[in-house]
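Accompanying notes for the structure given below.
In our numbering, the protein residues as written are 2 to 520.
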């Protein structure tokens, strides 16, 4: 088996060897075995990615038997890993592992390995490690299957219970949780040609190596091998669970062929409706979304906030910047009253903040917003696109920290947008104008004199006429409210708007950057 050859040093000692030489050779062989295995890490995975990139891509075929392939999503969810079968359950470690069964959309197995001290061993699939629930499935017929993914558990919210804190399942998707959070948006290893007419390519993590932690370890390390038709890659994930769970990501990519658009550190989320775009049906929930905005900290020091929308047709926008400080899809609204959903608990969904390591150079943060008829679809994608794409066959290195946040999430050091609302309010003579209200809050306002007036600096693109704009103190929150009134020229085209607050010659807020989707 290739993996066994990769992990071990094979050696043979001749029976005719001299007595003094044999013990020496045995000792040296053991030493070499230990050194090679203990050195296993990112560089080994990177070498595999490089070698894989030189081989023709073979599209994996589904290996699901009919009993599994025919399951609905609800039936698939009824297949659960038995907690007592965790390979670390009796080791008194701070972490536990659990695994996902193949099935439904997840029709290709991933190889799983564990790094234990000086050795690497396979983690093998056994159908008896799973409870099939109400499904009429014979585990004996499932032995040819494999794992679809895995999850990591850690006592995050209580010392007596190990919560799920990190999950890898499907393509290159993974999700993390900080303290008092519930799963919402996802991250991916890589995005290829997203929102292009040629179609998107979804690279897949095909193999994982998990470094077994020691008692008292505050972090866990996972390596992954990525593969797709045009890209291979090696990944390292170092997770540090906490109030903000941090995942240190390092990747080395190799292109088999050129790609049109390479999306680095992609995030995937859902926005159905919110304060700026009300529900089109009678729904008791005021808002439904995993994220409500894109936040960008540019390389020039500007902080930009774009509220999300659910457009009627595909919208792709971007922010050009060199060496970004960070970007993320954020869930700023943390009040249960804004959602009223006892099951989904959208107010507990994490924000995800990408913090680059090193200088990423010139490029853009791209935001893709896709129409969705309901909340079951992920319709929001954000990622970084470098101006200079990797060259075929040459290594492309990238590193960043991914923070899963709720309380104290990243924001402008000045003041931040807390809500965007669209509507005219009471009008004696309604017209065709569009009215927007934008609330800002932040520590900078506490330093202002009570008599000070702020200016709303607003601009619109050529598809609209700005009728009026102003800023007033919001006595209810201690912040400031910006009013904007405009008229759209052509209904079938979007309108780009930008606005921020200024006191004298001093900028006092992040930049509110909004798009009115076409009607």
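Cβ atoms here follow ideal geometry from the backbone N, Cα and C, with glycine treated the same way. Here the structure is a predicted model, which is why all the values come from computation and not from measurement.
Asked                                                                                                                           : Found
CA nearest to the CA of residue 530, picked from 426, 501, 347 and 67                                                           : Outside the displayed span of the chain (2 to 520) sits residue 530, for which this structure offers no information.
Best match in 151, 181 and 165 for proximity to residue 174 [C-alpha to C-alpha]                                                : 151
CA nearest to the CA of residue 86, picked from 78, 97, 254 and 80                                                              : 97
Burial state of residue 380, where buried means 16 or more other Cβ atoms lie within 10 Å                                       : buried
Neighbourhood of residue 165 by C-beta, 6 Å cutoff - its chain only, sequence neighbours within 5 removed                       : 152 and 154
Endpoints, the beta strand (DSSP E) within which residue 46 is located                                                          : Counting along the chain, residue 46 falls outside any beta strand (DSSP E), though it belongs to the alpha helix (DSSP H) covering 43-54.
Pick from 136, 112 and 67 that is closest to residue 75, judged by C-alpha positions                                            : 136
Cutoff 7 Å; reference residue 274; Cβ partners in own chain excluding five residues on either side                              : 280, 288, 289 and 311
Touch test, the region 243-259 against the region 385-395, Cβ-Cβ under 8 Å, three pairs minimum                                 : yes
Same chain, Cβ closer than 8 Å to residue 336, neighbours up to 5 away in sequence not counted                                  : 348
6 Å CB neighbourhood of residue 203 in its chain, flanking five on each side removed                                            : 172
Short Cβ contact (8 Å threshold) for residue 318 with residue 254                                                               : no
Residue from 79, 309, 224 and 246 with nearest C-alpha to residue 269                                                           : 309
Supposed close pair residue 306, residue 296 - CB separation, criterion 8 Å                                                     : 6 Å
Residue 147 and residue 126 closer than 8 Å at C-beta                                                                           : yes
Own chain, CB closer than 8 Å to residue 473, minus 5 neighbours either side, in chain order                                    : 481, 482 and 484
Given 8 Å, three or more beta-carbon pairs between the region 91-111 and the region 64-83                                       : yes
Supposed contact pair residue 213 and residue 116 - C-beta distance, whole angstroms, cut 8 Å                                   : 6 Å
Beta-carbon proximity check, residue 449 vs residue 508, cutoff 8 Å                                                             : no
Straight-line Cα distance separating residue 423 from residue 471                                                               : 15 Å
Sequence ranges, beta strand (DSSP E) only - wholly within the region 61-104, length at least 3                                 : 97-102
Beta-carbon proximity check, residue 327 vs residue 351, cutoff 8 Å                                                             : no
Closest residue to residue 265 among 111, 215, 340 and 250 (Cα-Cα distance)                                                     : 250
Spatial neighbours of residue 58 in its chain, beta-carbon cut-off 6 Å, leaving aside the 5 residues before and after           : 230
CB-CB length for residue 332 against residue 293, believed under 8 Å                                                            : 6 Å
Euclidean distance between Cα positions of residue 425 and residue 413                                                          : 29 Å
For residue 224 and residue 445, believed in contact at Cβ under 8 Å, the rounded distance                                      : At roughly 43 Å, the Cβ-Cβ gap does not stay under 8 Å, so residue 445 and residue 224 are not in contact.
Rounded Cβ spacing between residue 320 and residue 366 (contact assumed at less than 8 Å)                                       : 5 Å
Reduced DSSP category for residue 339 - H, G, I as helix; E, B as strand; rest coil                                             : helix
Heavy atom of the ligand NAD within 7 Å of residue 63 beta-carbon                                                               : By its list of ligands, the structure shown contains no ligand whatsoever, and the ligand NAD lies outside what it can speak to.
Beta-carbon proximity of residue 433 to residue 346, cut-off 8 Å                                                                : no
Straight-line Cα distance separating residue 417 from residue 302                                                               : 14 Å
Endpoints, the beta strand (DSSP E) within which residue 406 is located                                                         : 397-406
Residue 510 versus residue 185: straight-line alpha-carbon distance, rounded                                                    : 28 Å
Reference residue 1, options 190, 375, 68 and 119, closest by Cα                                                                : What is shown of the chain runs 2 to 520, which leaves residue 1 out entirely.
Cut-off 7 Å between Cβ atoms - residues of its own chain near residue 518, not counting five sequence neighbours on either side : 310, 312, 313, 316 and 495
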